[in-house]
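Participant: Residue numbers (our numbering), protein chains in the order written: chain B, 104 to 393; chain Z, 104 to 393; chain Y, 25 to 403; chain D, 25 to 403.
Once you've had a glance at the structure underneath, I'll fire off some questions.
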Amino acid sequence: MSILINSDTRLIVQGITGRDGSFHAQKMKEYGTNVVGGVSPGKAGQKVGDIPVFNTVKDAVAATKANATIIFVPPKFAADAVYEASEAGVELVITITEGVPTLDMVKLMPYLKKNGTKVIGPNCPGLVTPGEALAGILPGNIFKKGNVGLMSRSGTLTYEMVNQLTTNGLGQSTCVGIGGDPVAGLYYEELLEMFENDPQTDAIVLIGEIGGDAEERAAKYIKEKVTKPVVAFIAGQTAPPGKRMGHAGAIISSGSGTAAEKIKAFEEAGVPVAKKPTEIPVLIKERLGK
Amino acid sequence: MSILINSDTRLIVQGITGRDGSFHAQKMKEYGTNVVGGVSPGKAGQKVGDIPVFNTVKDAVAATKANATIIFVPPKFAADAVYEASEAGVELVITITEGVPTLDMVKLMPYLKKNGTKVIGPNCPGLVTPGEALAGILPGNIFKKGNVGLMSRSGTLTYEMVNQLTTNGLGQSTCVGIGGDPVAGLYYEELLEMFENDPQTDAIVLIGEIGGDAEERAAKYIKEKVTKPVVAFIAGQTAPPGKRMGHAGAIISSGSGTAAEKIKAFEEAGVPVAKKPTEIPVLIKERLGK
Amino acid sequence: MKIHEYQAKQIFADYEIPVSDEILCHSVKDVEKAAEKLGLPVVVKAQVLAGGRGKAGGVKLAKTKEELVNAANQILGMDIKGYTVEKVLTAKAISFTDEFYVGLTIDRNTKSVVFMASSEGGVEIEEVAKDNPDAIHKFVIDAEIGLMPFQARQIAFKLFDDIKLVRQGADLFEKLYRLFIDTDASLAEINPLVITAEGNLMALDGKMNFDDNALFRQPEVLEMREPTEDEKTEIEAKEKGLSFIKLDGNIGCMVNGAGLAMATMDIIKIYGGEPANFLDIGGSSNPQKVIDAMNLLLADKNVKAVMINIFGGITRCDDVAKGIISALEQMDVKIPIVVRLSGTNAAEGLEILKKTNLVTVASMGEAAEKAIEMAGQTV
Amino acid sequence: MKIHEYQAKQIFADYEIPVSDEILCHSVKDVEKAAEKLGLPVVVKAQVLAGGRGKAGGVKLAKTKEELVNAANQILGMDIKGYTVEKVLTAKAISFTDEFYVGLTIDRNTKSVVFMASSEGGVEIEEVAKDNPDAIHKFVIDAEIGLMPFQARQIAFKLFDDIKLVRQGADLFEKLYRLFIDTDASLAEINPLVITAEGNLMALDGKMNFDDNALFRQPEVLEMREPTEDEKTEIEAKEKGLSFIKLDGNIGCMVNGAGLAMATMDIIKIYGGEPANFLDIGGSSNPQKVIDAMNLLLADKNVKAVMINIFGGITRCDDVAKGIISALEQMDVKIPIVVRLSGTNAAEGLEILKKTNLVTVASMGEAAEKAIEMAGQTV
């Protein structure tokens, strides 16, 4: 088992003929992901490596029975690409694109809910179920199959953490980069629920950062619903305040989004918070009684 | 039994302080309908007859547990009134208002579907379950409790038909005026399903008119799904063609919306079509073996 | 509400949909001047609010000055389905390689805006719909999100192979959708949409209808209205809350509700008479409306008898009765009037009418029979 | 992106939200002229992109000419949270009876636009949120249908009793929502919204922030940008695809990814050092970016050592390595550089760096320790 993707996932790549799209399509394929097609308007009939290209997601789904897609199109067109995937009935949409206007995401959300489409991102590195499928831009070689689930708001910090786990002998069930944007798809709570229900997962690593109140909500959820051990890390403990945070954001979150508040919330939920990345594997081993 | 409304219906009136709203609120109450409140912004605390008035539908629902509403506001504000009712969780919304812009209704539909709100109208006379509740502008005295279900696209023609039934000793389970606008809420197919499942209803009268293809679709539905006897009437058999009908409408409906085509569709579905209103009770009695 | 081709194309141009260079003309002289400006060859097209103009000879290509004058002379003043051609559009003739049809309308069935596209452009689309329905692609648009770029592209891929045309088409379709919504249209068609000899898309003919219910918020659309005489009467009626359509019979009808009004016309025909009009006094009771309606009926000199058929709901029969009496006091009515009142406050209404010498009856059928009988006796 | 009060109120005025008569001034002379035009009393308000201006003495009421000159003299040139006041807004003083707060923002939790309204206006809304959260009414807006008139009215009924004010308020809230959406705002606040002595609503102070990701489609918003010197550097960086924030330490950081960049700053502090900046070179690999980043780092004279921390994903370590070598060839770098490469093409990247005399290490912790050590040795 695992969550969200596995060897049955049939992935297409939207924006496959772009620089990043074509590079990562092939990297994902090399990893062993079942990349069944790509989309690039006007390029139907071409191939990227041996991956067939289609004009529309609808055409790609009809031809390949794809059930997941990964989006590499420029920010201006990203929301449209998500709509297109959702309308074509793709169940899981991973949006790598950085710089998507927030209101584009806000406008998307009700439509996705109506269609039952799961979205990860935007501005995320994607996800990996080690040994089965990689849908994203993560470096495949750092992962190892195992029983630790990982979720993270940041990109490269995720790799750092996975590296810590792997080099310390802790394999992963699934690792998900949920993205750093204010409005994004699947978030901590949904993923905690999935990991809690996943038989392969025995412990969970949650990597947060300053800003917003997602970590506080996750802490509350863990306290109420999660029985598996969770350990956390918060990036930005020493960052200067006031950047990228308006007043109203703080009002809505009923807090100021500081690392101190988040750490307090986790500690109250019985979740230990690592100070350095290197402490994560130590804490996990403690919890798993190794 | 009956469909849509009965003695348990708790009705509010949006636009209750207007001329038509106040007149019909009291007429409905006199009929025996459980009219629990009215809405008119800025008039909270007032009463119309002994019906309490509220500023918003939300307030009215909170205070009265209303589960149905009838709308008498001007066309410009009608769609907003339906949104307000739907958002406040009212299950059944009857829109009497005539002249509502079509695109306002088109824009409403997905929202209503999302909320599971049932709408009747706009531009409709409402509905009656004789002896239990009247939600509309129909003249209550012409109805009689019984086993004939009736649905109609037109207003006063409905009264004419009901009058024919009642004066010929045929009572009604529920009579629904679905409204004459191009885009409206519940239509023949949904109501046919409800009548088919209603134990009180033994026969169904369907009153149509020229334009669109709703009657053709109803005929198809009857052929496939309805076991109870249905008789029909089509208004406008002699009307001049081409009024209010664009080319594209005809294309979409794959037909021209003429009475001849509708009558043919009904006859193919085994539904006899009356030439004059006076024939309706005769046909019903034949079908019911009276 | 309908508008002319030249008006529809003006809206297209406002939304940056490419149209041909063209000039509206009211006389042969105008046409000659326009052709000088545009350069020959040009196409001269009748501007009337009726379909089938091509078949009627209302569209002519002119390559020479002589052809031009002939075309203008033939078309101006021509009768097309009862409409006299008072103006023509002189348009630069465009060479093209392919013709398509695209149109937006409201679909009663899905309760949404539907985009239609076909490679069978340049012909009557109703014929295509009948003979080869699969040649028309239909796309239902989610009203909450509108026509998204990806959907516009999906449509364009159905018509074009070249990605340059797909992009041009998708962009054009988004504009067409936007103008449809912005103007509260009920129909917006481009037929044909062509690929010009230069390889670009252009709208060669356009057609738009609008939702009458939304005209109150579309002042610019309303300004484009050019009603015929009959329509003027209908519009005036509408402003008074009446829905009126003139017909050719001799029984004037005044009914509340469109359905009942149609059924009234039907029953007059069944009993052998001919209705002079469709007249729905609508859903709200107001004595003034009845007065206006009576005035409207009596203005038609063909009317030999009036049949008033009211089934009261929101309309109260006593108000109608009061209206009839007011109207009769204000005008010199020489023809017989048959009145049938049922429903809300019918008893009160009939009580009021007792004071007059109007014929009152109990049913529609009786009213029709009586009205036909009396019309036959009227000189 | 933030804008000044006077700019926010200009947007409000464009959407017909009532604001006071006011004039932007750059000098005491300007203020005097403005007051002459507006008539005393006036309020002089510092225009700086920082909160807490009232507490800092940046807002003064002037009833006489003397008070006016004093106020202008005191406020112009004043320092508020590190910002020097270079302009003030001179506004006609408004008598009012009540103060309210209304604001729109994006809620990460419900993933929607949220409307906030409170009768506790005119004070710091964060204080209200902390002390009396129930005094703030929150309304989640369905993005697909927008703020509907009925919902605007619901909000207005929370603040006002008088139906005239409810209608004014609902209308104003719809306009505020429209401008929020139209401009891709991330915050739009009116605080206070007042009832004037004449009984009408007016926006006395306004604040707007905008979504940086959407500036590409908001040219008019972008024109309002008035960055400080530090921000100019940040904006220049952003144009090159870099996310840069200047800090006060001596270890220059170059990292890929915001989270890792923050964790890098954290670990430098944990090991006793001080980061000189936050610098995220972003998610796409491109040698030019590394050159630009190096230039940016070395422009800060406080930097005594550079720590490059790259974990390759979409960023390829060999591209970063090439970028470092290019940068070193183009500039005369006198300070030590510690490089840590992991992930995509890390081996290739390290191979390339072997030819240089840069310090390469295997982990973040080591890199931080080494950079701190070397910074201490740099003169």
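We put the CB at the ideal spot given by N, CA and C, even for glycine.
Treat the numbers as computed from the prediction; the structure is a model and nothing was measured.
How about residue 201/D and residue 128/D: do their beta carbons lie closer than 8 Å?
Facilitator: Here residue 201/D is taken as the residue at index 177 of the fourth sequence, counted from 1. Here residue 128/D is taken as the residue at index 104 of the fourth sequence, counted from 1. Yes, these two residues count as a Cβ contact at 8 Å.
Participant: Please list the partners that residue 159/Z has in chain D, where partner means a Cβ-to-Cβ separation under 8 Å.
Facilitator: Here residue 159/Z is taken as the residue at index 56 of the second sequence, counted from 1. The contacting residues are 174, 177, 178 and 181.
Participant: What residue ranges within the region 112–194 of chain Z form continuous beta strand (DSSP E) runs of no fewer than 3 residues, ordered along the chain?
Facilitator: Taking only runs of at least 3 residues, the beta strand (DSSP E) segments lying wholly in the region 112–194 of chain Z are 114–117, 138–142, 154–157 and 171–174.
Participant: Please go through the same chain and pick out, in chain order, the residues whose beta-carbon is closer than 7 Å to the beta-carbon of residue 99/Y, but skip the five residues on each side of it.
Facilitator: As a first step, residue 99/Y must be located in the third sequence, where it is residue number 75. For residue 99/Y, where only same-chain residues beyond five positions count, the Cβ hits under 7 Å are 68, 70, 82, 84, 109 and 112.
Participant: DSSP on residue 301/Z, reduced to helix/strand/coil?
Facilitator: One-based indexing of the second sequence puts residue 301/Z at position 198. Three-state DSSP puts residue 301/Z in coil, outside helix and strand.
Participant: If residue 114/Z and residue 287/Z are in contact, beta carbons under 8 Å, what's the gap, nearest whole angstrom?
Facilitator: On the second sequence, position 11 is the one that residue 114/Z refers to. On the second sequence, position 184 is the one that residue 287/Z refers to. So it is not a contact: roughly 20 Å between Cβ atoms.
Participant: Between residue 183/Z and chain D, is any beta-carbon pair separated by less than 8 Å?
Facilitator: Reading the second sequence from its first residue, position 80 is the one you call residue 183/Z. At least one chain D Cβ lies under 8 Å of residue 183/Z.
Participant: So, is the C-beta of residue 190/D closer than 8 Å to a C-beta in chain Z?
Facilitator: As a first step, residue 190/D must be located in the fourth sequence, where it is residue number 166. Yes, its Cβ sits closer than 8 Å to a Cβ of chain Z.
Participant: Could you give the C-beta distance for residue 193/B and residue 158/B, rounded to a whole number, given that I count them as a contact under 8 Å?
Facilitator: Locating residue 193/B in the first sequence gives position 90, where the first residue counts as 1. Locating residue 158/B in the first sequence gives position 55, where the first residue counts as 1. Incorrect: roughly 16 Å between the Cβ atoms, too far for contact.
Participant: Under 8 Å, with one C-beta from each stretch per pair, do the region 246–255 of chain Y and the region 295–303 of chain Y reach the 3-pair mark?
Facilitator: Judged by Cβ distances under 8 Å, the region 246–255 of chain Y makes no contact with the region 295–303 of chain Y, as fewer than three pairs qualify.
Participant: Which residues in the same chain have their Cβ closer than 7 Å to the Cβ of residue 105/D, if we skip the five residues on either side of it in sequence?
Facilitator: Sequence index remark: in the fourth sequence, residue 105/D carries index 81 (1-based). Once the five neighbours on either side are set aside, the close Cβ partners of residue 105/D are 74 and 76.
Participant: To test your reading of the DSSP string, which unbroken beta strand (DSSP E) runs of 3 or more residues are found completely within the region 369–400 of chain Y?
Facilitator: Taking only runs of at least 3 residues, the beta strand (DSSP E) segments lying wholly in the region 369–400 of chain Y are 383–385.
Participant: Ignore the nearest five residues each way along the sequence and tell me which others in residue 44/Y's own chain have a CB closer than 7 Å to its CB.
Facilitator: Here the question's residue 44/Y lines up with position 20 in the third sequence. Only 115, 116, 118, 226 and 228 meet the Cβ criterion.
Participant: For residue 331/B, which of 304/B, 234/B and 370/B has the nearest alpha-carbon?
Facilitator: In the first sequence, residue 331/B corresponds to position 228, counting from 1. The shortest Cα separation from residue 331/B among 304/B, 234/B and 370/B belongs to 304/B.
Participant: Output yes if chain Z places a C-beta closer than 8 Å to the C-beta of residue 187/D; else output no.
Facilitator: Position 163 of the fourth sequence, counting from 1, holds the residue named residue 187/D. Yes, contact with chain Z.
Participant: What do you reckon, are the CB atoms on residue 363/Y and residue 329/Y nearer than 8 Å?
Facilitator: Indexing the third sequence from 1 puts residue 363/Y at position 339. Indexing the third sequence from 1 puts residue 329/Y at position 305. In this structure, residue 329/Y does not lie closer than 8 Å to residue 363/Y by Cβ.
Participant: How big is the Cα-Cα spacing for residue 182/Z and residue 247/Z?
Facilitator: Locating residue 182/Z in the second sequence gives position 79, counting from the first residue. Locating residue 247/Z in the second sequence gives position 144, counting from the first residue. Using only the alpha carbons, I get a separation of about 33 Å.
Participant: My output table needs one value for residue 227/D: the three-state DSSP class, helix, strand or coil.
Facilitator: As a first step, residue 227/D must be located in the fourth sequence, where it is residue number 203. Strand at residue 227/D.
Participant: Would you say residue 145/Z lies against chain D (beta-carbon separation less than 8 Å)?
Facilitator: In the second sequence, counting from the first residue as 1, residue 145/Z sits at position 42. So, interface residue.
Participant: Check the DSSP bridge columns for residue 161/Y and list the partner residues they point to.
Facilitator: Position 137 of the third sequence, counted from the first residue, corresponds to residue 161/Y. Residue 161/Y is bridged to 141/Y.
Participant: Between which two residues does the alpha helix (DSSP H) harbouring residue 287/Z extend?
Facilitator: Position 184 of the second sequence, counted from the start, is the residue given in the question as residue 287/Z. Where residue 287/Z is concerned, there is no enclosing alpha helix (DSSP H), given that its DSSP letter is neither H nor E.
Participant: What residues of chain D sit near residue 214/Z, judged by a beta carbon separation below 9 Å?
Facilitator: Translated into the one-based positions of the second sequence, residue 214/Z becomes position 111. Neighbours of residue 214/Z on chain D, chain order: 166, 168 and 169.
Participant: At the 8 Å Cβ level, is residue 235/Z part of the contact set with chain D, yes or no?
Facilitator: Here residue 235/Z refers to the residue found at position 132 of the second sequence. Judged by the 8 Å Cβ criterion, residue 235/Z is not in contact with chain D.
Participant: Kindly indicate the opening and closing residues of the alpha helix (DSSP H) around residue 72/D.
Facilitator: Here residue 72/D refers to the residue found at position 48 of the fourth sequence. Element bounds for residue 72/D: n/a, residue is neither H nor E.
Participant: DSSP three-state call for residue 384/Z: helix, strand or coil?
Facilitator: Working through the second sequence from its first residue, we reach residue 384/Z at position 281. Correct three-state label for residue 384/Z: helix.
Participant: Inspect the beta-carbon positions of residue 304/D and residue 280/D and report whether they are closer than 8 Å.
Facilitator: For the purposes of this step, residue 304/D is taken as residue 280 along the fourth sequence, with counting starting at 1. For the purposes of this step, residue 280/D is taken as residue 256 along the fourth sequence, with counting starting at 1. Yes, the Cβ-Cβ distance between residue 304/D and residue 280/D is below 8 Å.
Participant: Inspect the beta-carbon positions of residue 283/B and residue 283/D and report whether they are closer than 8 Å.
Facilitator: For the purposes of this step, residue 283/B is taken as residue 180 along the first sequence, with counting starting at 1. For the purposes of this step, residue 283/D is taken as residue 259 along the fourth sequence, with counting starting at 1. Yes, these two residues count as a Cβ contact at 8 Å.
Participant: Below 8 Å between beta carbons: does that hold for residue 203/Z and residue 225/Z?
Facilitator: On the second sequence, residue 203/Z is found 100 positions in, with the first residue counted as 1. On the second sequence, residue 225/Z is found 122 positions in, with the first residue counted as 1. Yes, Cβ-Cβ distance for residue 203/Z and residue 225/Z is below 8 Å.
Participant: Using 8 Å as the threshold, is the region 165–180 of chain B in touch with the region 147–167 of chain Y, meaning 3 or more CB pairs across them?
Facilitator: Result no; under three Cβ-Cβ pairs closer than 8 Å.
Participant: Do we get a CB-CB distance below 8 Å when we pair residue 323/Z with the residues of chain Y?
Facilitator: Position 220 of the second sequence holds residue 323/Z. False, the Cβ-Cβ gap to chain Y never drops below 8 Å.
Participant: Would you please verify whether the beta carbon of residue 187/B is less than 8 Å from any beta carbon of chain Y?
Facilitator: Taking the first residue of the first sequence as 1, we reach residue 187/B at position 84. Yes, its Cβ sits closer than 8 Å to a Cβ of chain Y.
Participant: Give the single residue among 253/D, 156/D and 65/D whose Cα lies nearest to the Cα of residue 86/D.
Facilitator: Locating residue 86/D in the fourth sequence gives position 62, counting from the first residue. Comparing Cα-Cα distances from residue 86/D to each of 253/D, 156/D and 65/D, the minimum goes to 65/D.
Participant: With a threshold of 8 Å, are at least 3 pairs of Cβ atoms found where one atom belongs to the region 252–262 of chain B and the other to the region 207–224 of chain B?
Facilitator: Not touching, per the Cβ criterion.
Participant: If distances are taken between C-alpha atoms only, which option among 145/Y, 196/Y, 56/Y and 140/Y comes closest to residue 90/Y?
Facilitator: Taking the third sequence and counting its residues from 1, one reaches residue 90/Y at position 66. Considering only alpha carbons, the answer is 56/Y.
Participant: Give the interface partners of residue 387/Z over in chain Y, defined as CB-CB distance under 9 Å, in chain order.
Facilitator: For the purposes of this step, residue 387/Z is taken as residue 284 along the second sequence, with counting starting at 1. Going along chain Y, no residue has its Cβ under 9 Å from residue 387/Z, so there is no contact; the nearest lies around 18 Å.
Participant: Does chain Z have any CB closer than 8 Å to the CB of residue 156/Y?
Facilitator: Numbered from 1 along the third sequence, position 132 holds the residue referred to as residue 156/Y. It does not; no Cβ of chain Z falls within 8 Å.
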